[in-house]
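Numbering (full-length UniProt numbering), first residue to last: 1 to 342.
Please read the structure below before turning to the comments.
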């Protein structure tokens, strides 16, 4: 009996140790959880998030909070089980966040680059809304290209066939909307004087993409400087909230109306709001931060509805104008355009 008792005890101990080992064994998953939210109109680590110099700024009585997702990169079975049964967390394959052909450092570097790009687009869109248009100018003319003898270096291209050119991307879109060999009316200003040129596009040497034979750049003259200072956050999803923050800082009116407005979404140079990941976790983070309204990218609405947080109204936004209209409607007591499943 004594030997059998020892055997039973040893067996139980080994089973327990194996169980502990299995529970602690790392799995090829990550856990997504609500991350911190940041008021773009406030400070982070003692520094203003949006810094404006050489211009009068206004103080807001409310907040414009960007939302984030926290990632737990190393997951043991015990944490995975907790995540699977949590309404606030998601357990997803590690490869979705950290592709197998890229290191964590490379992913973080890409996130940092996207974060920087989102700040640039946010500034572009905000300045345009504040009355400072983007000027797309000719940086160089290809010697034997379609525009040779018609456009000059430093010409500012203002329209294509009457459609305004509001960004380099918009110019490319307008030129490539018709096949190579199409004659386009290009409006421009040269040394402040308006002019037009009739330019027939040519196909690129390596494909049939229509070109007008110029390299372009952009400028957006304004009498002040804007800087965004925020550490330990990556990716492009704060673009919309940075845009709104810059506008609120530089307009005398209080955009927030004293409310806490949270949201997410990428921003492009034309003011379009794009979809992001982690909407369920961002909704929870916004609610925990006391948000009164959440701005949801239109393409995330179906997912947001499936993960709606009680007591947190959501507004569907496809552009920065939609976001501004949603906030204005909410502050006036109206119902902003809601998310729909389609």
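No residue lacks a Cβ here, since even glycine has one placed at the ideal position from N, Cα and C.
Own chain residues within Cβ distance below 6 Å of residue i, not counting five before or after
i: residue 155; result: 138, 188 and 190
i: residue 252; result: 58
i: residue 114; result: 235 and 236
Limits of the unbroken beta strand (DSSP E) element including residue i
i: residue 283; result: Run containing residue 283: none in the beta strand (DSSP E); it sits in the alpha helix (DSSP H), 279-288.
i: residue 70; result: 69-72
i: residue 63; result: 63-66
i: residue 29; result: 29-34
i: residue 316; result: 314-317
i: residue 351; result: Not covered by the structure: residue 351. The range shown for the chain is 1 to 342.
i: residue 97; result: Segment 94-97 is the alpha helix (DSSP H) holding residue 97; no beta strand (DSSP E) there.
i: residue 293; result: 293-297
Pairwise C-alpha distance: residue j and residue i
i: residue 73; j: residue 109; result: 16 Å
i: residue 291; j: residue 314; result: 10 Å
i: residue 345; j: residue 202; result: The question about residue 345 has no answer, for the chain in this structure spans 1 to 342.
i: residue 65; j: residue 40; result: 6 Å
i: residue 195; j: residue 153; result: 14 Å
i: residue 304; j: residue 199; result: 47 Å
i: residue 277; j: residue 91; result: 13 Å
i: residue 69; j: residue 31; result: 10 Å
i: residue 36; j: residue 89; result: 14 Å
i: residue 164; j: residue 44; result: 39 Å
i: residue 229; j: residue 149; result: 45 Å
i: residue 130; j: residue 106; result: 36 Å
i: residue 285; j: residue 279; result: 10 Å
i: residue 335; j: residue 206; result: 52 Å
i: residue 22; j: residue 95; result: Bear in mind that a pLDDT of 47 at residue 22, under 50, signals an unreliable position, so the model cannot answer this.
i: residue 300; j: residue 193; result: 45 Å
i: residue 274; j: residue 248; result: 21 Å
i: residue 185; j: residue 151; result: 12 Å
i: residue 244; j: residue 140; result: 34 Å
i: residue 197; j: residue 269; result: 26 Å
i: residue 263; j: residue 142; result: 44 Å
i: residue 60; j: residue 327; result: 14 Å
i: residue 81; j: residue 87; result: 12 Å
i: residue 161; j: residue 102; result: 45 Å
i: residue 339; j: residue 144; result: 51 Å
i: residue 296; j: residue 259; result: 17 Å
i: residue 324; j: residue 121; result: 17 Å
i: residue 330; j: residue 67; result: 20 Å
i: residue 171; j: residue 116; result: 23 Å
i: residue 182; j: residue 173; result: 14 Å
i: residue 215; j: residue 46; result: 42 Å
i: residue 307; j: residue 282; result: 10 Å
Same chain only: Cβ atoms within 7 Å of residue i, ignoring 5 sequence neighbours per side
i: residue 118; result: 236, 238, 239, 242, 266 and 267
i: residue 224; result: 52, 53, 54 and 55
i: residue 93; result: 28 and 29
i: residue 176; result: 209 and 210
i: residue 71; result: 30, 32 and 97
i: residue 180; result: 201, 202, 203, 208 and 210
i: residue 319; result: 271, 272 and 273
i: residue 217; result: 137 and 139
Extent of the continuous alpha helix (DSSP H) to which residue i belongs
i: residue 54; result: Note, residue 54: premise wrong, no alpha helix (DSSP H); not H, not E.
i: residue 239; result: 239-250
i: residue 320; result: 320-331
i: residue 306; result: 301-306
Own chain, CB closer than 8 Å to residue i, minus 5 neighbours either side, in chain order
i: residue 146; result: 199, 200, 201, 202, 211, 212 and 213
i: residue 311; result: 287
i: residue 178; result: 184, 201 and 210
i: residue 221; result: 132 and 135
i: residue 42; result: 48, 49 and 63
i: residue 104; result: 73 and 98
i: residue 219; result: 134, 135 and 137
Closer than 7 Å: residue i CB and nearest the ligand ZN heavy atom
i: residue 287; result: Absent from the structure shown: the ligand ZN. Ligands present: none.
Proximity test, Cβ basis, 8 Å: residue i and chain D
i: residue 220; result: Absent here is chain D; the protein component of the structure consists of one chain.
Exercise. Fully enclosed by the UniProt domain "PDZ" (129-200), which beta strand (DSSP E) runs are 3 residues long or longer?
Worked result: 135-141, 156-160, 183-190 and 193-200
Exercise. Quick one: complete alpha helix (DSSP H) runs, 4+ long, within the region 197-232?
Worked result: none
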